[in-house]
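Novice: One structure, as C-alpha cells, below. Some questions next.
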Amino acid sequence: MENRNTFVAPSLLASNFLELGKEVEMLNRSEADWLHLDVMDGRFVPNISFGLPVISHIRKATKKTCDVHLMIEEPEKYAEDFKKAGADILTVHYEACTHLHRNIQQIKGLGMKAGVALNPHTPVHLLENIINDIDLILIMSVNPGFGGQHFIPKSLEKIRQTREMITHYKAHALIEVDGGISVENAGAILDAGANVLVAGSSVFASKDPEATISALRKA
Ligand code: DX5
Ligand code: ZN
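Encoded structure:
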C-alpha cells in the first residue's frame, strides 16, 4: 500500500556467507531499504552469528542503512565499537538491559538511532516510560537466535498494541517486526501497524531474492 511508511530490511543471517560481497551487491541493486545484521553471543541467545569485523566490511560495501540487532548480554560494553563498525541503528534487547534508559542515551549519544527489541513473551506496555526516547521498537515474532522459524500469530496483537501506545504518547518510534516474515503474511503485519519488515529466509531462499524484496515492499 503506497501511503504506508514501509521499509524492508533483509536479514543477512540467511545469506551465503561465502559470497557475502555478492549478496551485499544484490541488496544494493534491490529495493531493500536497510540491511538487517543479527549479532548473537551464545549467551543471550543459544547461537553465535557474526560480529564487528564482518559488519565493518559490510559497511564499506553499502550506502544503505545498517540496522544492527544485538542479541547479546551487556550491549553497553560494545555500543561504541558498533558505532565505529558503521551501525546506523543499534537495537538492544529489553531482556538484556538492567539500565535500559542509560543504554538508550548511550546509543543516541554516540550518534546512532536507538532501538529496543522485545522477545515474544515480553509485554509491550513495559516500554511505556521509554517510548518517547527511542527511535524503533523491534517486535520479535519468533524466539531470537535462529532464522527460518514460524511467525508467532500473537505478534499481530502486540504490533497493534505498540501502534496504540505510540499514538497515545505521540511518539515517533518505528515498529520493526522480525522473524518468520514472508510475502504471504507481510500484508497482515503492515495492516497491524508495522513499518519495517525484517526477512531472512523468505528472501535468500527464494529463487529471485530481488523480486521477493520488491514484493515485500508492495505488500
Ligand atoms: C532471529 C533474527 C532474525 C532472523 C530472521 O533471531 O533476529 O533477524 O534472521 O530470519 P527469518 O526471516 O528466516 O525468520
Ligand atoms: Zn534480527
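With positions in the sequence shown counted from 1, the corresponding number in our numbering is that position plus 531. Here a beta-carbon is modelled for each residue, glycine too, at the ideal position from N, C-alpha and C. Because the structure is a prediction, the values reported are computed rather than measured.
#1: What is the rounded straight-line gap between the Cα of M643 and the Cα of D664?
#2: For a test of the three-state rule: what should DSSP assign to G711, helix, strand or coil?
#3: How many angstroms separate the CA atom of D598 from the CA atom of G617?
#4: With a cut-off of 8 Å, do at least 3 Cβ pairs link the region 681-696 to the region 597-615?
#5: Consult DSSP for V570 and reduce its assignment to one of helix, strand or coil.
#6: Give the C-beta separation of A750 and L721 to the nearest angstrom, bearing in mind that I take them to be a contact with Cβ-Cβ under 8 Å.
#7: Tell me the DSSP bridge mates of I589?
#8: With respect to 7 Å, is the separation between the Cβ of H652 and the closest non-hydrogen atom of the ligand DX5 below this value?
#9: Taking 5 Å as the limit, tell me which residues put their C-beta closer than that to any heavy atom of the ligand ZN, in chain order.
#10: Would the C-beta of F575 count as close to the ligand DX5, meaning under 7 Å from any of its heavy atoms?
#11: Given a cut-off of 8 Å on the beta-carbon distance, is the pair G731 and A545 in contact?
#12: Between R590, S672, R633 and K738, which has its C-alpha nearest N716's C-alpha?
#13: Please state whether DSSP places N534 in a helix, a strand or coil.
#14: Could you spell out where the beta strand (DSSP E) holding T622 opens and where it closes?
#15: Between the C-alpha atoms of P740 and R748, what's the straight-line distance to the nearest angstrom?
#16: Could you tell me which of T693, F735 and I638 sits nearest to L657, measuring between CA atoms?
#17: Measuring only the C-alpha atoms, how far is L583 from H699?
Specialist: Quick look at the numbers:
#1: 13 Å
#2: coil
#3: 10 Å
#4: no
#5: strand
#6: 6 Å
#7: Bridge partners of I589: none, in fact.
#8: no
#9: D569, H600 and D709
#10: no
#11: yes
#12: S672
#13: Residue confidence is low: N534 scores 44 on pLDDT, short of 50, so the model does not pin down where it sits. Its coordinate-derived value is still stated next. If DSSP states are grouped into helix, strand and coil, N534 belongs with coil.
#14: I620 to H624
#15: 12 Å
#16: T693
#17: 37 Å
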